[in-house]
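In what follows, a single structure is set out as structure tokens and then discussed.
Residue numbers (the working numbering): 1 to 214.
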């Protein structure tokens with residue numbers, strides 16, 4: 001399991017869609033983090049504990065393999081032993097690049113998914129419009145992001161992390177001009193100088209156990 005296929009694969013499981021970014025900021029915070037929430041230097045590693053709704057646990061480690069360029073942007077390559085994931089940051093905006101999928105009766109466009117603004121204040125929001133074509137039928141949905149906490153202290157598995165940003169990701173279905181809520185996908189916690197430290201959802205939790213930054 002990756003850094004999270006949870007952000008967007010979780011959303012796709014609700015909508016069966018992919019995303020085309022369309023953001024809206026309601027509030028900004030004057031900060032100077034400049035990508036401190038993605039310290040993904042080559043050789044760094046992050047080990048997580050995964051717990052499902054039954055209480056079963058497992059572990060996985062993300063290793064930063066290096067960098068690559070996609071569509072003119074440089075991304076860090078994170079690998080869990082099976083799959084690569086591509087993360088980049090630009091002036092406090094953090095993106096996950098997802099490759100496109102083209103199957104019979106199912107097509108998803110690849111592209112950047114904006115999952116974090118480190119310079120947005122508590123209460124700020126932004127949106128991703130989501131779309132996919134299934135059996136020739138275009139469908140749309142909405143991913144809604146909310147900053148629940150900014151620069152808080154948060155404890156994960158007994159370890160205290162400071163300068164944490166808390167983001168809740170909600171889903172909605174678009175029908176015409178109306179959005180119909182489909183529930184909360186997950187709440188994510190990001191610590192300055194470390195990155196993603198915890199995710200809490202209705203079906204699982206993912207918590208950082210240990211890390212090594214090179």
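Yeah, the Cβ is synthetic: ideal placement off N, Cα and C, and Gly gets one too.
With a threshold of 6 Å on Cβ separation, who are the neighbours of residue i within its own chain once the five nearest residues in sequence on each side are excluded?
i           : result
residue 213 : 39 and 44
residue 205 : 51
residue 73  : 88
residue 151 : 163
Among the options, which residue has its Cα nearest to the Cα of residue i?
i           : options               : result
residue 71  : 49, 51, 99 and 139    : 99
residue 111 : 203, 190, 101 and 97  : 97
residue 69  : 85, 57, 136 and 62    : 85
residue 139 : 206, 119, 209 and 107 : 107
residue 36  : 118, 74 and 160       : 118
residue 127 : 209, 189, 158 and 116 : 116
residue 211 : 105, 187, 161 and 133 : 161
residue 195 : 183, 92 and 83        : 92
Just confirm the distance between the C-beta atoms of residue i and residue j, as a whole number of angstroms; I'd bet it's less than 8 Å.
i           : j           : result
residue 42  : residue 66  : 5 Å
residue 135 : residue 105 : 4 Å
Looking only at its own chain, which residues have a Cβ that is under 8 Å from the Cβ of residue i, when we skip the five neighbours before and after it?
i           : result
residue 302 : In the structure displayed, the chain extends from 1 to 214; residue 302 sits before or after that span and is not available.
residue 23  : Note on residue 23: pLDDT 47, under 50, position unreliable in the model; no value is reported.
Let's test the definition: count the other Cβ atoms within 10 Å of the Cβ of residue i and tell me whether it reaches 16, buried, or not, exposed.
i           : result
residue 137 : exposed
residue 153 : exposed
residue 56  : exposed
residue 163 : buried
residue 180 : exposed
residue 202 : exposed
residue 198 : buried
residue 101 : exposed
residue 103 : exposed
residue 157 : exposed
Go through its chain and collect everything with a Cβ distance to residue i's Cβ below 7 Å, but skip five positions before and after it.
i           : result
residue 75  : 67, 68, 86, 87, 88 and 97
residue 200 : 186 and 187
Compute the minimum distance between the beta carbon of residue i and the heavy atoms of the ligand GDP, and state whether it is under 8 Å.
i          : result
residue 70 : The ligand GDP is not among the ligands present in this structure, which contains no ligands whatsoever.
Checklist entry - Any contact of the segment 162-181 with the segment 139-146, i.e. 3+ C-beta pairs under 8 Å? => result yes
Next on the checklist: When you compare the segment 171-184 with the segment 146-163, are there three or more beta-carbon pairs, one atom per stretch, that lie closer than 8 Å?
Outcome noted: no
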